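Worksheet: one structure, shown below.
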Amino acid sequence: MDAQTALIESDIERYLELHRNKSLLRFITCGSVDDGKSTLIGRLLYESKSLLDDQLGALDADSKRYGTQGDALDFALLVDGLSAEREQGITIDVAYRFFATGKRKFIVADTPGHEQYTRNMVTGASTADLAVILVDARKGLLTQTRRHTFLASLVGIRRVVLAVNKLDLVDWSHGVFAGIERAYREFAAQLGIANIVAIPLSALRGDNMTAPSANTPWYHGPSLLQHLEQVEIDSPAEHGPLRLPVQWVNRPDHAFRGFSGRLVGGRVRPGDAVRVLPSGRTSTVGRIVTLDGDLPEAVSGQSVTLTLADEIDVSRGDVICAAGDPAGLADQFEAHVVWMGEEPLLPGRSYLVKLGAATVGASIAAPKYLVDVNTLEHLAAKTLQLNETGVCVLTLDRAVAFDPYAQNRDMGGFIVVDRLSNQTVGAGMLHFALRRSQNIHWQALEVDKTARVRMNGHRPGVLWFTGLSGSGKSTIANIVERRLHALGARTYLLDGDNVRHGLSKDLGFTAADRVENIRRIGEVARLMVDAGLIVLTAFISPFRSERELARGMVEDGEFVEIFVDTPLAVVEQRDPKGLYRKARKGELKNFTGIDSPYEAPEAPELHVDTMQSDPERAADAIIGYLVQRGIIRATN
-5 MDAQTALIES
5 DIERYLELHR
15 NKSLLRFITC
25 GSVDDGKSTL
35 IGRLLYESKS
45 LLDDQLGALD
55 ADSKRYGTQG
65 DALDFALLVD
75 GLSAEREQGI
85 TIDVAYRFFA
95 TGKRKFIVAD
105 TPGHEQYTRN
115 MVTGASTADL
125 AVILVDARKG
135 LLTQTRRHTF
145 LASLVGIRRV
155 VLAVNKLDLV
165 DWSHGVFAGI
175 ERAYREFAAQ
185 LGIANIVAIP
195 LSALRGDNMT
205 APSANTPWYH
215 GPSLLQHLEQ
225 VEIDSPAEHG
235 PLRLPVQWVN
245 RPDHAFRGFS
255 GRLVGGRVRP
265 GDAVRVLPSG
275 RTSTVGRIVT
285 LDGDLPEAVS
295 GQSVTLTLAD
305 EIDVSRGDVI
315 CAAGDPAGLA
325 DQFEAHVVWM
335 GEEPLLPGRS
345 YLVKLGAATV
355 GASIAAPKYL
365 VDVNTLEHLA
375 AKTLQLNETG
385 VCVLTLDRAV
395 AFDPYAQNRD
405 MGGFIVVDRL
415 SNQTVGAGML
425 HFALRRSQNI
435 HWQALEVDKT
445 ARVRMNGHRP
455 GVLWFTGLSG
465 SGKSTIANIV
475 ERRLHALGAR
485 TYLLDGDNVR
495 HGLSKDLGFT
505 AADRVENIRR
515 IGEVARLMVD
525 AGLIVLTAFI
535 SPFRSERELA
545 RGMVEDGEFV
555 EIFVDTPLAV
565 VEQRDPKGLY
575 RKARKGELKN
585 FTGIDSPYEA
595 PEAPELHVDT
605 MQSDPERAAD
615 AIIGYLVQRG
625 IIRATN
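For the sequence shown, position 576 matches number 570 in our numbering, and the numbering has no gaps at all.
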């Protein structure tokens, strides 16, 4: 009977108290396919006695059904939970497991080895303190070894265990082990990783897993579990200034108002001076409230509710900082971005970025460079594909509080979300704020939009005509503008072809170029609306996301989406410019409706069915809608 079991039987409360106070180590296992990651974790769970009897029974049954070790237990099956993983013998998803020893608690993430699941590896590494990089002793360093080491360094992991596995298959060769260790340290030095412990292993047989192995008399270091139990974890954020992103404004009744969240940096005591960002207002901490009562102090990692001495406006997404050392505040950054979406990054497209508790609109510029994770070479690129990593400029629609990722993961790490599908398509790490974000300010003007609208005698707005090429957008827009002009309205028509002679002369027709074209048009339309005009735009604008971006640039009620709906067969038959014929012959690439998609509006303000209505009648309906909405008067 070991000491832990004896304590459980003799004094369970003492055992539970000791268990609560154990430190927690989060680590990942990664490397190439079949290096033995899942087997290593399964062996750790087994040797640490973290498996219940029913789990051991299930493992025994699964080993007989799916296992690769004959009658012996196949420890990999403890972690490879997906049926597809069991059938293929590989890890696809990130599998998290908890276990504990007498000295420490652990959460381990088993991350995929295949290149196409690199995004899953980034997910598992994002919260880890240490990485166990496995290398098959027979194969040496492989592409994925370098890839995963680079990604681990990218997300801030600075402690690595180089686990040279399957050493039994090379006769426990000290020379093989030393060669792999030497090559790995040379590569890791390029990434700034110096804290490396190399351990020779056979995860399947248990050698050097929990105790020194007689098969490696030339190795004098700790076993894997011994190292994991004793390695010191020191996060820069813990010793940094106070950071508390507000997740919830706690108002149970009129007498209490607190701000709840998890401290992601520093510590706080009642009476400490704090600054709230982005407003910049200051106050002092009144109380530190928890479910178990008030605390005299809270430290990084704790979830608490703070009350402030002054009644100041604080909302979800704000950050409570140390008054004397607040976070930065900016809306433009250089950042590393790991792309996780099946569709490539579209520079200029409007995405959502979640940074801490704040969610803001954002766009990502074309990469400054793409990182070749095998050679660490910087490559030219116009976009990022699935699993690619690059350095980009990130522009947000408002300033947010931040710290560089190297100083504070929680304050400098973000995810990118597609606005329409709500899927996470990227993750990133902020390097620094761009100087121009601090030096460019909005200039207040004496003649404002209200004054210009009053002089014009009508409300401004955007009439956004969208539809396939040849659907009749420009024809109908021309008629509508003529009618508005006759009514005395001040207008301007932005036509797709005309704009490409000047403003968008440098753009082609790739998806990225189309996104940038519509972004520019949206900005021009916004300025014209600020001038008090009714601006008409006749563009294919094939993507819903970009049309929503343009809508978001003006105030509510100022954007009218008009879907000019004409079937593809009809516009191909019309083909006034001969474009469809060229596209069908392959002479015109990326043509909407042929080899590039058109995303029809789901809820446009006006739907013009050109099979049921001629251009004059369509214009009548649009003018009637504008009168009904109060944008213009019938006689103006």
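Where is the CB? At the ideal position from N, CA and C, for every residue including glycine. Computed from a prediction, not measured in an experiment: that's the story for all the values here.
Ordered along the chain, which non-local residues of its own chain (more than five positions away) have a Cβ less than 6 Å from that of residue i?
i: E599; result: V554 and E555
i: A205; result: S217
i: L390; result: D325, V354 and A356
i: T383; result: V332 and V365
i: R403; result: G150
i: I512; result: S535 and E540
i: F171; result: V158 and P194
i: L238; result: G255, L257 and I314
i: L289; result: I282
i: V635; result: The shown model of the chain, from -5 to 630, leaves out residue 635, and the question about it has no answer.
i: V565; result: L462, G464 and S465
Please confirm whether residue i and residue j have their CB atoms less than 8 Å apart.
i: D201; j: N209; result: yes
i: V129; j: D29; result: yes
i: P536; j: Y592; result: yes
i: A395; j: L323; result: yes
i: L135; j: A177; result: yes
i: S465; j: T560; result: yes
i: A351; j: Q241; result: yes
i: E552; j: G420; result: no
i: R446; j: S344; result: no
i: D338; j: L378; result: The displayed chain sequence assigns Pro, not Asp, to residue 338. Yes, Cβ-Cβ distance for P338 and L378 is below 8 Å.
i: Y486; j: M449; result: no
Apart from the five residues just before and just after residue i, which ones in its own chain have a Cβ nearer than 7 Å to its Cβ?
i: V283; result: G252, V298, T299 and T301
i: R477; result: A613 and I617
i: Q82; result: No answer about Q82 holds up, because its pLDDT of 48 lies below 50 and its placement is not dependable.
i: C386; result: A329, V331, I358, A359, P361 and K362
i: G265; result: T278 and V279
i: P320; result: R269 and L271
Determine the direct distance from the alpha carbon of residue j to that of residue i, and round the result to whole angstroms.
i: G287; j: A94; result: 29 Å
i: P211; j: S196; result: 14 Å
i: G274; j: Y399; result: 22 Å
i: D491; j: L148; result: 44 Å
i: L145; j: R153; result: 13 Å
i: R545; j: G516; result: 8 Å
i: V262; j: E510; result: 46 Å
i: E440; j: R453; result: 20 Å
i: T531; j: L488; result: 5 Å
i: A375; j: S498; result: 21 Å
i: I625; j: L527; result: 11 Å
i: S277; j: A317; result: 8 Å
i: L185; j: S463; result: 50 Å
i: V164; j: I227; result: 34 Å
i: R140; j: L161; result: 20 Å
i: S539; j: N368; result: 34 Å
i: L388; j: F327; result: 5 Å
i: D304; j: R245; result: 15 Å
i: G380; j: F426; result: First, the amino acid is wrong: residue 380 is Leu here, not Gly. Between L380 and F426, the C-alpha separation is close to 25 Å.
i: V410; j: A615; result: 40 Å
i: V493; j: N472; result: 15 Å
i: L457; j: V602; result: 13 Å
i: K97; j: Q224; result: 8 Å
i: A393; j: S309; result: 15 Å
i: A628; j: S607; result: 22 Å
i: R508; j: A119; result: 35 Å
Would you please state the rounded distance, in angstroms, between the beta carbons of residue i and residue j? I believe it to be under 8 Å.
i: S229; j: G260; result: Not quite, the Cβ-Cβ distance comes to about 11 Å (not below 8 Å), so this is no contact.
i: I22; j: T105; result: 5 Å
i: I187; j: A157; result: Contact flag wrong, Cβ pair sits at about 15 Å.
i: A505; j: S415; result: A505 to S415, Cβ: 16 Å. No contact.
i: G406; j: D397; result: 5 Å
i: K443; j: D550; result: Going by Cβ atoms, the distance from K443 to D550 rounds to 14 Å, so no, they are not a contact pair.
i: F100; j: L19; result: 5 Å
i: T460; j: V558; result: 7 Å
i: K31; j: G25; result: 6 Å
Output needed for residue i: all residues of its chain with C-beta closer than 8 Å, excluding positions within five of it in sequence on either side, in chain order.
i: E291; result: R261, V262, R263 and I282
i: A594; result: F557 and D559
i: G572; result: none
ask   = Can you give, in chain order, each stretch of the beta strand (DSSP E) that sits fully within the segment 247 to 291 and has at least 3 residues?
value = 250 to 256, 267 to 271 and 275 to 283
request  = Report the residue ranges of all alpha helix (DSSP H) runs contained in full by the segment 196 to 226; include only those spanning at least 4 residues, in chain order.
outcome  = 218 to 224
inquiry  = Extract the residue ranges of the alpha helix (DSSP H) inside the segment 514 to 588, only unbroken runs of 4 or more that lie entirely within it.
reply    = 538 to 546, 562 to 568 and 573 to 578
key: Length at least 4, wholly inside the segment 380 to 416: the alpha helix (DSSP H) runs in chain order   = 403 to 406
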